[in-house]
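A.B. asks:
Residue numbers (our numbering), protein chains in the order written: chain A, 11 to 253; chain B, 122 to 342.
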């Protein structure tokens, strides 16, 4: 049991973590009883290596029965392979080809997303779908942390979580969009959605011109993660429309 | 808390680095940090609001210097001690102290598979009455709570319009410190870009924030 509940002093903490990381990295037989590193002078390099600290923490938590390695593997597999922007792209493509689906998606996104058969991961996420049009452009950010519609887009990319994007998206959305290569006309209304609560926002991009003959699955292939966050438009592949 | 995490409107953070074909995780340790964090959440020792607050409590220089998952790791190391799952000594040694008890039940794959919603679903509980109505002009209160809050500084004191009522949610300012759920309505409130940032902004643009009842006041119009 912890001897107190106050957060550790950072420096003391890193020194302790150093010892922990060493314990994980070095076979126990190499530790000597009379020279552990839990003393208070500065010859030891403070570990900057989060990989070692992570390994130390994981092995401790496994030994204490608080996590299980197989379970961690399963979680990683879910987020690397099962949830991701392809799910959102299916939702967008369906909305493009089926006006009644689109209407349901805009009025009750959770149910409409569940119709696509994304399974359990989508349940309970309070998603709102924002429709981009020639006159309205929606852009999603989380200025306070990294809230993101992961059930339909997976884990957010680094730029979405970066201080640069989080700080500027609300004050200079048009400048941010130009940085992504998207220049909007002055008469387009820009709506920035700062995800301050538990609502998650998915942008429904405009269907690109010239895509009339594409099938739903071909359309889904065109839809990018960036377009569903609102920092890009969906475009036809170079070389123009398929026959 | 008026911390560095509340960065909406800052302009000193450099260019946005977009990485083509970005992997889900950039290294194995990041994926382990993500998964360990997620697994520990299944013990329900904390809630999502408290979880966010732990990251906000990192020293500001660390917050700005660390990578995303380094922040998660540092907050997680603090958190497992704070909630009594691990002692400081165990964290330091990487080994359970002798006589330390094993978790019961021991963590299982089944626990990890439960990707349950991390915040209770919004309810339409009619006993929780909305204090504002869609279409109403409202002002974000000028408050500076020292704990966790989801009312960004850039909106405080600004006037906007309620455009949607999302239903009833838990109030993060109290829930983050286990001081009660204080259920109340959350609304999308539209603020004109010029109201927030002045005359240099486009008159066409606006920012929408999700606001709890306790963040808002009537404007009388």
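Ideal Cβ placement from N, Cα and C applies to all residues, glycine included. All figures in this text were calculated on a predicted structure; none of them were measured in a lab.
Could you compute how far the alpha carbon of residue 194/A sits from the alpha carbon of residue 323/B?
C.D. replies: Spanning the two alpha carbons is a distance of roughly 12 angstroms.
A.B. asks: To the nearest angstrom, how far is the alpha carbon of residue 329/B from that of residue 150/A?
C.D. replies: Here the alpha carbons of residue 150/A and residue 329/B stand approximately 10 angstroms from one another.
A.B. asks: Give the range of the beta strand (DSSP E) segment to which residue 204/A is assigned.
C.D. replies: 199 to 204
A.B. asks: Which same chain residues end up closer than 6 angstroms to residue 245/B when comparing Cβ atoms and leaving out the 5 residues on each side of it in sequence?
C.D. replies: For residue 245/B, where only same-chain residues beyond five positions count, the Cβ hits under 6 angstroms are 288.
A.B. asks: Beta carbon of residue 147/A, beta carbon of residue 240/A: below 8 angstroms?
C.D. replies: yes
A.B. asks: Would you mind reading off the limits of the beta strand (DSSP E) that contains residue 98/A?
C.D. replies: Run containing residue 98/A: none in the beta strand (DSSP E); it sits in the alpha helix (DSSP H), 95 to 107.
A.B. asks: One question on the structure: do residue 230/A and residue 135/B come within less than 8 angstroms of each other, judged by their Cβ atoms?
C.D. replies: no
A.B. asks: Which residues in the same chain have their Cβ closer than 8 angstroms to the Cβ of residue 145/B, if we skip the five residues on either side of it in sequence?
C.D. replies: 152
A.B. asks: Examine chain E for any beta-carbon lying closer than 8 angstroms to the beta-carbon of residue 167/A, and answer yes or no.
C.D. replies: Reference to chain E is not applicable here, since the protein chains of this structure are A and B.
A.B. asks: Under three-state DSSP, which class holds residue 207/A?
C.D. replies: In this structure, residue 207/A counts as coil in the three-state DSSP scheme.
A.B. asks: Thinking residue 192/B and residue 179/B are a contact (beta carbons under 8 angstroms), I'd like their distance in whole angstroms, please.
C.D. replies: With a Cβ gap of about 6 angstroms, residue 192/B and residue 179/B count as contacting.
A.B. asks: Here's a check: name, in chain order, each residue in its chain whose Cβ is nearer than 7 angstroms to the Cβ of residue 243/A, leaving out the five neighbours to either side.
C.D. replies: 192, 215, 216 and 237
A.B. asks: Helix, strand or coil for residue 313/B? Go by DSSP, reduced to three states.
C.D. replies: DSSP, reduced to helix, strand and coil, places residue 313/B within a strand of the structure shown.
A.B. asks: Could you compute how far the alpha carbon of residue 327/B sits from the alpha carbon of residue 94/A?
C.D. replies: Near 29 angstroms, if we compare the C-alpha coordinates of residue 94/A and residue 327/B.
A.B. asks: Please report the residue range of the beta strand (DSSP E) in which residue 222/B lies.
C.D. replies: It is not in any beta strand (DSSP E) - residue 222/B carries neither H nor E in the DSSP assignment.
A.B. asks: When the Cα atoms are used, what is the spatial distance from residue 145/A to residue 200/A?
C.D. replies: So the alpha carbons of these two residues sit roughly 9 angstroms apart.
A.B. asks: In whole angstroms, give me the CA-to-CA distance for residue 235/A and residue 158/B.
C.D. replies: 25 angstroms
A.B. asks: Once the 5 residues before and after residue 267/B are set aside, which same chain residues still bring their CB inside 6 angstroms of it?
C.D. replies: 122
A.B. asks: When the Cβ atoms of the region 171 to 189 of chain B are set against those of the region 107 to 118 of chain A, are three or more pairs found closer than 8 angstroms?
C.D. replies: no
A.B. asks: Go through its chain and collect everything with a Cβ distance to residue 140/A's Cβ below 8 angstroms, but skip five positions before and after it.
C.D. replies: 148, 150, 201, 203, 211, 212, 213, 214 and 240
A.B. asks: Which of the three DSSP states, helix, strand or coil, is assigned to residue 176/A?
C.D. replies: Helix, per DSSP.
A.B. asks: Among residues of its own chain, excluding the 5 on either side of residue 226/B, which ones have a beta-carbon nearer than 8 angstroms to its beta-carbon?
C.D. replies: none
A.B. asks: Can you give me the start and stop residues for the beta strand (DSSP E) that residue 327/B sits inside?
C.D. replies: 327 to 333
A.B. asks: With a threshold of 8 angstroms between beta-carbons, can residue 234/A be considered close to chain B, or not?
C.D. replies: no
A.B. asks: Count the other C-beta atoms from every protein chain shown that fall within 10 angstroms of the C-beta of residue 341/B, then say buried if there are 16 or more, exposed otherwise.
C.D. replies: exposed
A.B. asks: Please classify residue 299/B as buried or exposed, where buried requires at least 16 other C-beta atoms within 10 Å of its C-beta.
C.D. replies: Flag for residue 299/B reads exposed.
A.B. asks: Name, going along the chain, the residues of the region 210 to 232 of chain B whose beta-carbon falls closer than 9 angstroms to a beta-carbon of chain A.
C.D. replies: 210, 211, 212, 213, 214, 215, 216, 217, 221, 222, 223, 224, 225, 226, 227, 228, 229, 230, 231 and 232
A.B. asks: Can you check which of these residues, 143/B, 211/B, 140/B and 170/B, is closest to residue 63/A by C-alpha distance?
C.D. replies: If we check each option's Cα against that of residue 63/A, 211/B comes out closest.
A.B. asks: Three or more beta-carbon pairs under 8 angstroms between the region 217 to 231 of chain B and the region 59 to 78 of chain A, yes or no?
C.D. replies: yes
A.B. asks: List, in chain order, every chain B residue whose beta-carbon is nearer than 8 angstroms to that of residue 175/A.
C.D. replies: Ordered by position in chain B, the residues that pass the 8 angstroms Cβ test against residue 175/A are 137.
A.B. asks: Measuring CB to CB, does residue 169/A end up less than 8 angstroms from residue 142/B?
C.D. replies: no
A.B. asks: Should residue 132/B be counted as a contact of the ligand SAM given a C-beta to heavy atom distance under 7 angstroms?
C.D. replies: With respect to the ligand SAM, the structure offers nothing, as it holds no ligand at all.
A.B. asks: With 16 other CB atoms within 10 Å as the buried threshold, where does residue 28/A fall?
C.D. replies: Interpretation of residue 28/A is limited by its pLDDT of 42, a score under 50 that renders its predicted location unreliable; no figure is taken from the coordinates.
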